[in-house]
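Worksheet: one structure, shown below.
Residue numbers (my numbering), protein chains in the order written: chain Z, 1 to 279; chain L, 280 to 558.
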């Protein structure tokens, strides 16, 4: 592992985070996971836009110039190491400060960047995924819905569960029992030649690839996308389901509940649209 | 500040946390804040019981012997430093591991302990607090309610808001609009010679001092305690309100909304019961 990951704290290569740090203490922070291809961070503008929304929600000082400068150095380093495909995680925390929940008014944002070699994994469409159903549900929190903050326990517990049960991913529901997403990605279903995906107004993360499916790749295919509540049973009767995240792009689903899917024409076409943009 | 805090990571004095760490990455961890008096951690059994409940909920390996051993050393160190009253924060994280939400099955729990000198602050009942009303609400999450995990963004944002508005603390509501707690403590109201406090089945932290108020200190005063939903308006019409946490014990409330309270007989008596146990 140690040869396959490189870490920077506030612009310097580091093996440790200065303490105290409010990111550790309270999850007082944000992150983005970008896919690097030959040192190029894909869809950087979408990641920065979500990060800005997160900074506004949490009251973080603007640190975009430092994020860009430090990311650039990490990207250049990945190229030097010969890492063709790479996951770049950019974490912002509200740094140190006195004991207690209240952040210092003049908090200095701390930037932690880690680059992990992905070898050739993202170079082709991922194998169709077997999906479980997570027993833990997303928390209801409209004030923080959509942004990618550091409070991620539900996804950790859902991932722990699907790993133990041998599936590749798991569908996560909201507190009402409607579908929200998988653990690490946004979910879509295909029905009557149309795409459907859940709204993210009370929980969930507004994925960059979700935005691309909705605004760009589906349009290239002439498919309409509708955001609406989806019951778990609707997934099983769909013509096709798939999810997407920054590392996989669109990934087809092989099975959920009692249902198996053997062909994935819509996901395959969306993946081709995505791959076309990378070329 | 630096002379008033001491930090240990896995039993060694340290200024930094090894990276990667899942506590930072996802809030994959738990914590306890204990009050030390002359090196003695008060109500240690209650803190350990809550930590055990948290470890069970998150699937953490038992690390109580190491927590006890490392806490003991931090307590002894605080005595050496002449810190009579001290806040001891014990943080457990699921340590390092490969990229992604799924924790390693054999994760080694990491223990971070920090001791902060409180000088004489906890030696008498705190001044009556002016309470605001937080605009952010607790998230609805029955699966994690009561335990003290590291996902604490709502409390951070509420604390940031009350600091900016100049109050001492703030009432936090649930998603329905009922009262849950203050940012750092559990809330009680006095009405018709009885105590009322909200249930914590969907959100909030089950405080050690809340438990002591309910099971012990109220009984010493001959007061019944009832857990039931409380609307914010009910606070304003109460004879008295107070909150409690591990550092203050019971703390009276001076004002909330349109209401001021000039006498705090129940809180004062509960504080005396608490202080009697320390003697």
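Don't be surprised by glycine CBs; every beta carbon is placed ideally from N, CA and C. Owing to the predicted nature of the structure, the values given are computational and were not obtained by experimental measurement.
*asked:* Can you confirm whether residue 149 of chain Z, when its beta carbon is compared against all beta carbons of chain L, has any partner nearer than 9 Å?
replied: Counted from its first residue, the first chain places residue 149 of chain Z at position 149. Cβ-Cβ to chain L under 9 Å: yes for residue 149 of chain Z.
*For residue 128 of chain Z and residue 253 of chain Z, believed in contact at Cβ under 8 Å, the rounded distance*: The residue labelled residue 253 of chain Z in the question sits at position 253 within the first chain. The residue labelled residue 128 of chain Z in the question sits at position 128 within the first chain. Correct: roughly 6 Å between the Cβ atoms.
*Roughly how many angstroms separate the alpha carbons of residue 428 of chain L and residue 223 of chain Z, rounded to a whole number?*
Your numbering for residue 428 of chain L matches position 149 in the second chain. Your numbering for residue 223 of chain Z matches position 223 in the first chain. In a straight line, the C-alpha of residue 428 of chain L is about 43 Å away from that of residue 223 of chain Z.
*Integer-rounded CB distance, given that residue 53 of chain Z should sit under 8 Å from residue 147 of chain Z*: Here the question's residue 147 of chain Z lines up with position 147 in the first chain. Here the question's residue 53 of chain Z lines up with position 53 in the first chain. That belief holds up - the Cβ atoms of residue 147 of chain Z and residue 53 of chain Z are roughly 6 Å apart, short of 8 Å.
*What residues are listed by DSSP as bridge partners for residue 149 of chain Z?*
Here residue 149 of chain Z corresponds to residue number 149 of the first chain, with the count starting at 1. Paired residues: Z:30.
*Report the residue from L:340, L:380, L:483, L:377 whose alpha carbon sits nearest the alpha carbon of residue 466 of chain L.*
Locating residue 466 of chain L in the second chain gives position 187, counting from the first residue. When only C-alpha atoms are compared, the closest one is L:483.
*Output, in chain order, the set of chain Z residues within a Cβ distance shorter than 9 Å of residue 363 of chain L.*
Counted from its first residue, the second chain places residue 363 of chain L at position 84. Ordered by position in chain Z, no residue passes the 9 Å Cβ test against residue 363 of chain L, which lies about 17 Å from the chain.
_At a cut-off of 8 Å, would you count residue 524 of chain L as near the ligand ATP, judging by its Cβ distance to the nearest heavy atom?_
Among the components of this structure there are no ligands whatsoever, and the ligand ATP is therefore not found.
*asked:* Between the alpha carbons of residue 94 of chain Z and residue 539 of chain L, how many angstroms are there, rounded?
replied: Stepping through the first chain from its first residue, residue 94 of chain Z is reached at position 94. Stepping through the second chain from its first residue, residue 539 of chain L is reached at position 260. Cα to Cα, residue 94 of chain Z sits roughly 35 Å from residue 539 of chain L.
*What three-state label does DSSP hand residue 496 of chain L in the structure shown?*
Locating residue 496 of chain L in the second chain gives position 217, where the first residue counts as 1. Residue 496 of chain L falls in the helix class under three-state DSSP.
*Three-state secondary structure (DSSP) at residue 295 of chain L?*
Counted from its first residue, the second chain places residue 295 of chain L at position 16. In this structure, residue 295 of chain L counts as strand in the three-state DSSP scheme.
*With 9 Å set as the bound, which would you pick, yes or no: does the beta-carbon of residue 242 of chain Z sit closer than that to a beta-carbon of chain L?*
For this step, residue 242 of chain Z is matched to residue 242 along the first chain. So no, residue 242 of chain Z is outside the interface.
*Which residues of chain L have a Cβ atom closer than 9 Å to the Cβ of residue 80 of chain Z, listed in chain order?*
Working through the first chain from its first residue, we reach residue 80 of chain Z at position 80. What residue 80 of chain Z touches in chain L: nothing, since even the nearest Cβ is about 20 Å away.
*Pairwise C-alpha distance: residue 555 of chain L and residue 447 of chain L*: To locate residue 447 of chain L, count along the second chain from 1; it is residue 168. To locate residue 555 of chain L, count along the second chain from 1; it is residue 276. Cα-Cα distance, rounded: 26 Å.
*Which residues in the same chain have their Cβ closer than 6 Å to the Cβ of residue 226 of chain Z, if we skip the five residues on either side of it in sequence?*
Here the question's residue 226 of chain Z lines up with position 226 in the first chain. Correct list, in chain order: 196.
_Could you tell me the alpha carbon to alpha carbon distance between residue 16 of chain Z and residue 496 of chain L, rounded to whole angstroms?_
One-based indexing of the first chain puts residue 16 of chain Z at position 16. One-based indexing of the second chain puts residue 496 of chain L at position 217. Looking at the two C-alpha atoms, the distance is approximately 44 Å.
*In the region 297-329 of chain L, which residues sit with their C-beta less than 9 Å from some C-beta in chain Z, listed in chain order?*
297, 298, 299, 300, 301, 302, 303, 304, 305, 306, 307, 308, 310, 312
_Buried or exposed, going by whether 16 or more other CB atoms sit within 10 Å of the CB of residue 194 of chain Z?_
To locate residue 194 of chain Z, count along the first chain from 1; it is residue 194. Under this definition residue 194 of chain Z is an exposed residue.
*Which chain Z residues sit within Cβ distance under 7 Å of residue 392 of chain L?*
Position 113 of the second chain holds residue 392 of chain L. Here the premise fails: no neighbours, minimum Cβ distance about 11 Å.
_the region 428-438 of chain L / the region 381-392 of chain L touching (three or more Cβ pairs under 8 Å)_ = no
*asked:* Please identify the residue among Z:263, Z:73, Z:221 whose C-alpha is closest to the C-alpha of residue 65 of chain Z.
replied: Within the first chain, residue 65 of chain Z is the residue found at index 65, counting from 1. It is Z:73.
*Does any residue of chain Z bring its CB to less than 9 Å from the CB of residue 452 of chain L?*
Sequence index remark: in the second chain, residue 452 of chain L carries index 173 (1-based). No, no contact with chain Z.
*Should residue 47 of chain Z go down as buried or exposed, given a rule of 16 or more other Cβ atoms within 10 Å for buried?*
Residue numbering aside, residue 47 of chain Z sits at position 47 when the first chain is read from its first letter. Burial call: buried.
*Return the Cβ separation of residue 411 of chain L and residue 444 of chain L in integer angstroms, given the expectation that the two are a contact with Cβ distance under 8 Å.*
Stepping through the second chain from its first residue, residue 411 of chain L is reached at position 132. Stepping through the second chain from its first residue, residue 444 of chain L is reached at position 165. Contact holds; Cβ gap of about 6 Å.
*For residue 70 of chain Z, decide whether its Cβ has a neighbour in chain L, counting only Cβ atoms nearer than 9 Å.*
Here the question's residue 70 of chain Z lines up with position 70 in the first chain. No, its Cβ sits nowhere closer than 9 Å to a Cβ of chain L.
*Is it right to say residue 281 of chain L is buried, meaning 16 or more other beta carbons lie within 10 angstroms of its own, or is it exposed?*
Indexing the second chain from 1 puts residue 281 of chain L at position 2. At residue 281 of chain L, the pLDDT of 49 sits below 50, so the modelled position is not reliable; the number obtained from the coordinates is stated separately. Burial call: exposed.
*asked:* Measuring alpha carbon to alpha carbon, tell me which residue in Z:229, Z:24, Z:243 is nearest residue 174 of chain Z.
replied: Within the first chain, the letter at position 174 stands for residue 174 of chain Z. Nearest option by C-alpha distance: Z:229.
*I think residue 5 of chain Z touches residue 116 of chain Z, with their Cβ atoms under 8 Å apart; what is that distance to the nearest whole Å?*
Here residue 5 of chain Z is taken as the residue at index 5 of the first chain, counted from 1. Here residue 116 of chain Z is taken as the residue at index 116 of the first chain, counted from 1. Right, their Cβ atoms sit about 5 Å apart.
*Along the chain, which unbroken stretches of the beta strand (DSSP E) at least 3 residues long are found entirely within the region 325-399 of chain L?*
364-372, 389-396
*Nearest chain L C-beta to residue 100 of chain Z closer than 9 Å, yes or no?*
Within the first chain, the letter at position 100 stands for residue 100 of chain Z. Output row for residue 100 of chain Z: interface = yes.
*So what does DSSP say about residue 352 of chain Z, is it helix, strand or coil?*
Beyond the ends of chain Z as shown, which are 1 and 279, falls residue 352 of chain Z; an answer cannot be given.
*Going straight from the alpha carbon of residue 464 of chain L to that of residue 363 of chain L, what length do you get?*
To locate residue 464 of chain L, count along the second chain from 1; it is residue 185. To locate residue 363 of chain L, count along the second chain from 1; it is residue 84. Going from the Cα of residue 464 of chain L to the Cα of residue 363 of chain L covers about 23 Å.
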